[in-house]
Each structure stands twice: as structure tokens, then as C-alpha cells.
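Participant: In this note's numbering, the protein residues as written are 39 to 183.
Next up, the structure:
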């Protein structure tokens, strides 16, 4: 009588486990970076809302930039991943993140994203220049690099 093989051999199971282990070793760091970048997007959203307020203030006040957060009309309420938002002289907007995991070793705080407006002769804001500090560039949106 002929016997039919049932199930998998030990070597086949070991090969499958090795393949799954290799895939997990590649996917896990990429997923962790994705999580940090998604947390950083909350700071970017806060900047975008304040950017609109600064542009509106500038256009309605004859080209004068707001000098404070209150004058610009931006929200100062901290959130889960945003520690603070500030509008400085000449309409410069900066946000400091918290608990995102993006800070460099030895940095006192998480990442600080800054937007600086460029004004045309007509007193309107023509562009925004983004900079960052205190974090690795792989966690920052491409417009800030």
C-alpha cells in the first residue's frame, strides 16, 4: 500500500519562519519611522492653520506682519504632540513638538519647526521658508528640509 505524505517537513517550516523573521526585521523599523512622522504631522497642521491667520492679518493690515500669537489670531492651546506655538517678529511662526520620538540624542526638547514669510513689494506674502531644529531630518516634512 502506498502512503500519502501529509503536512510539512521540519525544514519547510524552518524556511517559512526564517522568511517571516527577515520580513519583520525590515518592516518594523520602517513602521516605527512612519509612526513618528505621523505624530509630527500634528505640528505641521498647527503651523498651517496659523499660516493662514498670519497671511490674513497681513493682507487686512496693509502689509504689516503680526508680532504676537494673539495678534495673529492663532490658537495657543497645546495638544498631544504640540507643546507650543508662537508667532514672533515679522510673522515668523514656530511650533515645538512633544512626545513624538523625533528628538536627537541630547536635545532638550523635541523638534522645532519654523516658517518664515517672504513679503513682496505689494506687501503680500509670496512664499514661506521652512526650517527645523532638534530632530532628525527623516522625521520632518519635505518642505522643511
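Where a beta carbon is used, it is the ideal one built from N, C-alpha and C, also for glycine.
What residue from 112, 137, 117 has the CA that sits closest to residue 130's CA?
Facilitator: Residue numbering aside, residue 130 sits at position 92 when the chain shown is read from its first letter. Of the candidates 112, 137, 117, the one whose C-alpha sits nearest the C-alpha of residue 130 is 112.
Participant: Looking at C-alpha atoms only, which residue of 153, 63, 77, 178 is the closest neighbour of residue 120?
Facilitator: Against the chain shown, residue 120 aligns to sequence position 82. Comparing Cα positions, the closest option is 77.
Participant: What first and last residue would you give for the beta strand (DSSP E) that runs through residue 104?
Facilitator: The sequence position of residue 104 within the chain shown is 66, counting from 1. Run containing residue 104: none; DSSP gives neither H nor E here.
Participant: Rank 92, 72, 141 by C-alpha distance to the C-alpha of residue 124 and give the top, closest one.
Facilitator: Here the question's residue 124 lines up with position 86 in the chain shown. The residue with the shortest Cα to Cα distance from residue 124 is 92.
Participant: Using DSSP bridges, identify the partner residues of residue 141.
Facilitator: Along the chain shown, read from residue 1 onward, the residue named residue 141 stands at position 103. Its beta-bridge partners are 173.
Participant: Label residue 52 either buried or exposed according to how many other C-beta atoms from any shown protein chain fall within 10 Å of its C-beta, with 16 as the threshold for buried.
Facilitator: Counted from its first residue, the chain shown places residue 52 at position 14. Exposed, since its Cβ has fewer than 16 Cβ neighbours within 10 Å.
Participant: Which of helix, strand or coil does DSSP assign to residue 113?
Facilitator: In the chain shown, the residue the question calls residue 113 occupies position 75. Looking at residue 113 - three-state DSSP - the assignment turns out to be coil, as it is neither helix nor strand.
Participant: Report back the beta-carbon spacing between residue 166 and residue 179 to the nearest angstrom; my notes put them in contact at under 8 Å.
Facilitator: Taking the chain shown and counting its residues from 1, one reaches residue 166 at position 128. Taking the chain shown and counting its residues from 1, one reaches residue 179 at position 141. Between residue 179 and residue 166 the Cβ distance is about 12 Å, and since that is not below 8 Å, they are no contact.
Participant: Please classify residue 155: does DSSP put it in a helix, a strand, or coil?
Facilitator: Within the chain shown, numbered from 1, the residue matching residue 155 stands at position 117. In this structure, residue 155 counts as strand in the three-state DSSP scheme.
Participant: Within the continuous alpha helix (DSSP H) that includes residue 127, where are the two ends?
Facilitator: Stepping through the chain shown from its first residue, residue 127 is reached at position 89. Per DSSP, residue 127 belongs to no alpha helix (DSSP H) and is neither H nor E.
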